[in-house]
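First comes the structure, then the notes that go with it.
Residue numbers (the working numbering), protein chains in the order written: chain A, 3 to 293; chain B, 3 to 293; chain C, 3 to 293; chain D, 3 to 293.
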């Protein structure tokens, strides 16, 4: 038997709260009492931090305008009881995403392509860069390109401009697609859980600059890339995705870097996909991911 | 906050039924109403077959002897309503498992070792073989070894003996760890969903005999192994796990076979672990696996 | 100690002949007697087919114009003795490559990008398609786009046109980047060892059409793609590269196909790179690859 | 055509020297002039360190007793000219290997098993442990077990005993299969390039103790193990093999450790196999590996 879902509005509920008895029953009971149909539900109870996480994909009922607002209002009562952080969103509404780059374009090209094919379901609000180089590439796809040059002197001012742009463009997520500027602690805090960076190493392997030279010097047999949320502590943000590939003694630093581009693209694209599909939760310095 | 679980009985509930509204709420509501605490819940709704699957790990309450029987009795009402196939078992009770082998011993050695380390949580009821060769290896570990030779003439009789042994030893699962005899259709039916085989190929790649010679002849660049439930249709049973590894032109059939032993051990061990942890569900000719 | 290679011409010698005593010594002796410096030498002796394969990267001496022609002439004596098929080419000369597509563009976009970054060292002579759809994408990069529509009636004529185009554009390699037309036996023969196809399955797994639907129906846990040389026997050409990725019961055929795009891009790009770097040798129905 | 190798003695020549013109020709010319037949030859020229490495598998001629000694004597002239470090060994002669353990037995069990199947071609001279626990496991396989307890006070004396045992048993290789004692700098130096350690982390990721707890705290999405040569600088020895596997937020440190056992077994077994097959060369702080 298949429950007919055709034409019904599709929602995602995400919630996190302290672990306690009956939360699953109360949340699923709420949805059942509103004749909502759950198609996918995942939950995780972290016995170490004592936190509970859940992501529920469900279908509501057509016609009851505006259903989403009503659902949110009524869920508030459950959420209050459980002291939850939560959200209910339309599953098909694409989050607005700002991409930041410098001069390397492989991650940008990859993200634009995956967005075009529909594999990534996001609306790119704009591409921001501290260099003018990639303007034509971006504008050719009908996406606004904003050049915000940064020097040591102008950094504070330019970061304010950046943050204003995030708000003005209603961007929910900022993707640092090989953006080669360190963000200030203050900006990192303001973008907590909202900005994803790609680190061109298999963290915690090689932090800092030139990881491919470090990997070569160490003679590793596997190398990779790490996508993580941005935090003030550089290279230490909560990890979302890691990708690895086999290398050998014939790899020069240049060849390691060339090979690394693939890992970077794949790790960043996966992390962005997981985030825009509301599958990633912050759990202290780590992430919970419902794949 | 952490809910104190110390000393509480730990159960696994598995259930499958037709997809319908409210099942998750009814099941989780049942557990909440019995002050049972859910630590892990996974569910899958197959929109194509219209079947619903769930696996719930939960903690009951100490002291209420015999709680398990009471829970089962009371859950029957919910299950009837939903026309469910279901089970509630003690999470720490190890299923009894019969292993069958011929002469190759790599999968057997691997399973025995992983069982000894506690990675596989099962009680090996006995090892059955159509050859006497591996007796000392098995008995040295204090496990009964039963030699059931098979010829074309004795096959039917010996299979009856085998089935009797499964029942007598209360074995819930039969693992064919490179058992080189084809089971009769009848035996396959009687062991449906209860017998796991390791196929030494990356199915559906190379069916039948000598898959490593086939792989060599075809010049594949990756090879692997497939663990699946036994069905009358040889090599077509529902797949539980597949493992793959890279090979190249220097691999002779012998070297492919040697390399393949690793894949076979890993695929079979994973499949057995998933099964004894009650993570695998039959879904027509396929499986649903809650990893 | 490092031998100074700066400014010296860099060559690749590839050769195959029947296995016999002393071939390595004769070839390397020839190079040493011409004060050529070997930086990389790989060889394989297939004990089953009795064929010998070698690929040597070496540096010649500057100034002796035209050294390449002289080397070739003088090597002919060695080659005759050994009844070799062989070639000596300039390592930095990019082979001319024709790409063929239909409507799917993911492999095309990936190849164009990797060529632009220099990861693939080839000169794209033109993109040929039986559809007009991808013209603007290709021409935007300054690459000629040739539309050759094909119907059952016009197939023979259009294939002649195609073959004429291969010769006219001096294309050494034809890459079928999801070209959805079956080539005639005759064309396959004419392009033997010169045309690479991407099959959207992990061959020999699912031949023919709709492999993602087949994979779904079979409930596989790993899926992948295969890049191979084109032969008259569809889906049976010598395999160059295979890529695999893990999937699970939640993958619909659509999601399998989406996931498969990544495997296809990676398998095809790797195969093309290996070929243009002269690392692939035909060995009957298989390949020898010096990675 | 296949060169008949049946009955001919099979040798491995390994050599390393400074990079210079003509080395390949001189070495292969030497073999050809002695009518030796090369079946596999690999070489690597490190343009950064200016070192040349080669491994040649070849067949000599039967009957000419003692051919090996004669070959070695005559090759000495070539080797002197090139200032080579070199060796010629019989391919089928199994190196004698000493295994050292403490209490964890998974790597030991795995090595013993792979040795028994012939996948690892070595002769285990003895197993040494600072604990008595694994005696019966080892002796049951007919292998001597030597208990050498170590305290801070007795360390120097016991290491002398150990080194004496290495010599007395003519062990060419020492495998630290989760031996939980730090070797003295002096012993590390004496065993340079002759002792392999398994580090239970994906180095350089998590050095020092409790890497699985570190991995858990950092929330990594991939974990692994590293097999490397022992050096005075702990965790910094030349890497031979690395193995990695995917993990997620549900992995506790215990589960990470359990999962890690597989990686450790596979990385160590591969490293030992590569070493005993004479495929690994030291290249400063790195290795060159002919796979």
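Ideal Cβ positions, reconstructed from N, Cα and C, are used throughout, including at glycine. As the structure is a computational prediction, the values presented were derived from the model and not from experiment.
Kindly list, in the order they appear in chain C, the residues whose Cβ is closer than 9 Å to that of residue i.
i	result
residue 145 of chain D	Near residue 145 of chain D there are no residues of chain C at all, since even the closest Cβ is about 34 Å away, more than 9 Å.
residue 284 of chain D	Result: empty, since nearest Cβ-Cβ is about 17 Å, beyond 9 Å.
Rounded to whole angstroms, how far is the Cβ of residue i from the Cβ of residue j, which I believe are closer than 8 Å?
i	j	result
residue 80 of chain C	residue 28 of chain C	6 Å
residue 223 of chain B	residue 183 of chain C	Not a contact, Cβ separation roughly 26 Å.
residue 196 of chain B	residue 177 of chain B	In fact, because the Cβ distance is near 10 Å, the residues do not count as touching under 8 Å.
residue 285 of chain D	residue 16 of chain D	Contact doesn't hold; Cβ gap of about 13 Å is too wide.
residue 44 of chain B	residue 26 of chain B	The Cβ separation is near 11 Å, so there is no contact.
residue 226 of chain A	residue 204 of chain A	4 Å
residue 1 of chain D	residue 130 of chain D	Residue 1 of chain D lies beyond the residue range present for chain D, which begins at 3 and ends at 293; the question has no answer from this structure.
residue 73 of chain B	residue 12 of chain B	At roughly 12 Å, the Cβ-Cβ gap does not stay under 8 Å, so residue 73 of chain B and residue 12 of chain B are not in contact.
Excluding the 5 residues preceding and the 5 following residue i in the sequence, name in chain order all residues of the same chain whose CB lies nearer than 6 Å to its CB.
i	result
residue 275 of chain A	122
residue 146 of chain A	128
residue 155 of chain C	none
residue 151 of chain B	132
residue 148 of chain B	128, 130
residue 141 of chain D	147
residue 137 of chain A	147
Please compile the residues from chain D whose C-beta is within a distance smaller than 9 Å of the C-beta of residue i.
i	result
residue 40 of chain C	23, 24, 25, 26, 27, 45, 47
residue 34 of chain C	23, 24, 25, 26, 27, 28, 31
Whose CA, out of the options, lies closest to the CA of residue i?
i	options	result
residue 42 of chain B	A/49, A/36, A/37, A/41	A/49
residue 21 of chain B	B/175, B/127, B/143, B/54	B/54
residue 193 of chain B	B/290, B/72, B/100	B/100
residue 217 of chain B	B/32, B/246, B/58	B/246
residue 253 of chain B	B/52, B/119, B/199, B/219	B/219
residue 250 of chain A	D/251, D/257, D/242, D/255	D/242
residue 200 of chain D	D/228, D/210, D/207	D/228
residue 24 of chain D	C/10, C/56, C/11, C/61	C/61
residue 187 of chain B	B/215, B/157, B/172, B/120	B/157
residue 71 of chain C	C/58, C/170, C/91	C/91
residue 88 of chain C	C/237, C/235, C/282, C/153	C/282
residue 119 of chain C	A/34, A/259, A/289	A/259
residue 57 of chain A	A/69, A/68, A/270, A/93	A/93
Find the residues of chain B that neighbour residue i, judging by a C-beta separation of less than 8 Å, and give them in chain order.
i	result
residue 119 of chain D	108, 260, 263
Could you list which residues in chain C have their beta carbon closer than 7 Å to that of residue i, in chain order?
i	result
residue 5 of chain D	21, 22, 23
residue 111 of chain A	115
residue 93 of chain A	Those do not exist, as residue 93 of chain A stays about 15 Å from chain C at its closest Cβ, beyond 7 Å.
residue 198 of chain B	Per Cβ cutoff of 7 Å: no residues; residue 198 of chain B is ~14 Å from chain C at best.
Enumerate in chain order the residues of its own chain whose CB-to-CB distance from residue i is below 7 Å, with the five nearest sequence positions on each side excluded.
i	result
residue 5 of chain D	39
residue 255 of chain A	214, 215, 218
Kindly list, in the order they appear in chain D, the residues whose Cβ is closer than 8 Å to that of residue i.
i	result
residue 252 of chain A	46
Below 7 Å on C-beta distance, what does residue i contact in chain B?
i	result
residue 31 of chain A	27, 31
residue 291 of chain C	250, 251
residue 37 of chain A	23
Could you tell me if residue i is buried or exposed, where buried requires 16 or more neighbouring beta carbons within 10 angstroms of its beta carbon?
i	result
residue 95 of chain B	exposed
residue 105 of chain C	exposed
residue 63 of chain D	exposed
residue 85 of chain A	exposed
residue 82 of chain D	exposed
residue 210 of chain A	exposed
residue 153 of chain D	exposed
residue 159 of chain B	exposed
By the criterion of Cβ-Cβ separation under 8 Å, what are the contact partners of residue i in chain G?
i	result
residue 166 of chain C	Absent from the structure is chain G; the protein chains it does hold are A, B, C and D.
What in chain B is Cβ-close to residue i, meaning under 9 Å?
i	result
residue 287 of chain C	219, 220, 221
Starting from the beta carbon of residue i, find every residue of chain A whose beta carbon is closer than 8 Å, and list them in chain order.
i	result
residue 142 of chain C	142
Can you pull the chain C residues whose beta carbon is under 8 Å from the beta carbon of residue i, in chain order?
i	result
residue 269 of chain D	Within 8 Å Cβ-Cβ: nothing; residue 269 of chain D doesn't reach chain C, min ~21 Å.
Applying a beta-carbon distance threshold of less than 9 Å, which residues of chain A neighbour residue i?
i	result
residue 241 of chain D	220, 221, 222, 223
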